[in-house]
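K.L.:
Residue numbers (my numbering): 1 to 143.
All C-beta atoms, glycine included, are put in the ideal place defined by N, C-alpha and C.
None of these values were measured; they are calculated from a predicted model.
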Ligand SMILES: Nc1ncnc2c1ncn2[C@@H]1O[C@H](COP(=O)(O)OP(=O)(O)OP(=O)(O)O)[C@@H](O)[C@H]1O
Ligand SMILES: [Mg+2]
C-alpha cells in the first residue's frame, strides 16, 4: 500500500509545485494487502485528481495512509470548496458533474471499484472548508 500511495502521490507533484499547492503525504502504517493494486491505484489517483481539480492555487492537498482496527484507510484531503449537503449523494452517481466539464463518471467508478475491492469510499466535507474522501479497505480478506 505504501508503494501505491507513493506512486499516486508522485504523479501530482509537478502540478502541486506549479500551482503553489501545499502537498503532503503521511504514512502511519505500512500494510500489505492481497488485492488488485491497479484498481487501488486507480481509485487513489481519481480522488487526487478531483482534489487538485477543485482546490484553488495556493491551497492544500494531502494523502494519508493509515490502519485503524480492521481497516486500511487512504484519505485524500483538500482545502477546496467542499460539497453542500444536498450534493453529497449525487456526486457518486454516474454523469453528475457540478460544472459539466468532466464526465461525472470519476466518483461513480471509484465507488464501484471500492465496493468490488470489499470496501467503500467515505466522505467528510464542509462547504467552504474542504473535503476528505477516504478509501476504506478491509485489512483482512473477507470470505
Ligand atoms: N474534492 C472535491 N471537492 C469538491 N467537489 C468535488 C470533489 N470531488 C468531487 N467533487 C464534486 O463531485 C462531482 C463528481 O465528481 P466526479 O469525479 O464523479 O466527476 P468529475 O470530476 O466532474 O468528472 P471526471 O471525473 O469525469 O473528470 C464533481 O463535479 C464535483 O462537483
Ligand atoms: Mg473526477
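Verify the contact flag: residue 81, CB atom, against every heavy atom of ligand 1, threshold strictly below 8 angstroms.
P.N.:
The sequence position of residue 81 within the chain shown is 81, counting from 1. For ligand 1, at least one heavy atom lies less than 8 angstroms from the Cβ of residue 81.
K.L.:
Hey, out of 9, 54, 138, whose CA is closest to residue 79's CA?
P.N.:
Position 79 of the chain shown, counted from the start, is the residue given in the question as residue 79. For the residues 9, 54, 138, the minimum Cα distance to residue 79 belongs to 54.
K.L.:
Over what stretch of residues does the beta strand (DSSP E) that includes residue 24 continue unbroken?
P.N.:
Stepping through the chain shown from its first residue, residue 24 is reached at position 24. Run containing residue 24: 22-27, per the beta strand (DSSP E) assignment.
K.L.:
Assuming residue 61 contacts residue 21 under a Cβ cut-off of 8 angstroms, what Cβ separation, rounded to an integer in Å, is found between them?
P.N.:
Taking the chain shown and counting its residues from 1, one reaches residue 61 at position 61. Taking the chain shown and counting its residues from 1, one reaches residue 21 at position 21. Confirmed, about 6 angstroms.
K.L.:
Considering only their Cβ atoms, is the gap separating residue 95 from residue 108 smaller than 9 angstroms?
P.N.:
In the chain shown, the residue the question calls residue 108 occupies position 108. In the chain shown, the residue the question calls residue 95 occupies position 95. Contact: yes.
K.L.:
Just to check my reading of the structure: residue 82 and residue 130 have Cβ atoms closer than 8 angstroms, yes? What is that Cβ distance to the nearest angstrom?
P.N.:
Locating residue 82 in the chain shown gives position 82, where the first residue counts as 1. Locating residue 130 in the chain shown gives position 130, where the first residue counts as 1. That belief holds up - the Cβ atoms of residue 82 and residue 130 are roughly 6 angstroms apart, short of 8 angstroms.
K.L.:
Residue 44: which of 34, 134, 138, 141 sits nearest, CA to CA?
P.N.:
Translated into positions along the chain shown, residue 44 becomes position 44. Nearest C-alpha to residue 44: 134.
K.L.:
Residue 40 by DSSP, collapsed to three states: which one?
P.N.:
Within the chain shown, residue 40 is the residue found at index 40, counting from 1. Residue state, collapsed to three classes: helix.
K.L.:
Considering just the uninterrupted stretch of the alpha helix (DSSP H) at residue 6, what are its terminal residues?
P.N.:
Residue numbering aside, residue 6 sits at position 6 when the chain shown is read from its first letter. That run of the alpha helix (DSSP H) goes 2-10.
K.L.:
Hey, how far is the Cα of residue 125 from the Cα of residue 84?
P.N.:
Within the chain shown, the letter at position 125 stands for residue 125. Within the chain shown, the letter at position 84 stands for residue 84. In a straight line, the C-alpha of residue 125 is about 8 angstroms away from that of residue 84.
K.L.:
Give the range of the beta strand (DSSP E) segment to which residue 109 is assigned.
P.N.:
To locate residue 109, count along the chain shown from 1; it is residue 109. Looking at the DSSP string, residue 109 is not in any beta strand (DSSP E); the run it does join, the alpha helix (DSSP H), is 106-116.
K.L.:
Please determine whether the Cβ atom of residue 53 lies at a distance below 8 angstroms from any heavy atom of ligand 2.
P.N.:
Position 53 of the chain shown, counted from the first residue, corresponds to residue 53. At least one heavy atom of ligand 2 is nearer than 8 angstroms to the Cβ of residue 53, so yes.
K.L.:
Can you name the residues that DSSP bridges to residue 122?
P.N.:
For the purposes of this step, residue 122 is taken as residue 122 along the chain shown, with counting starting at 1. 134.
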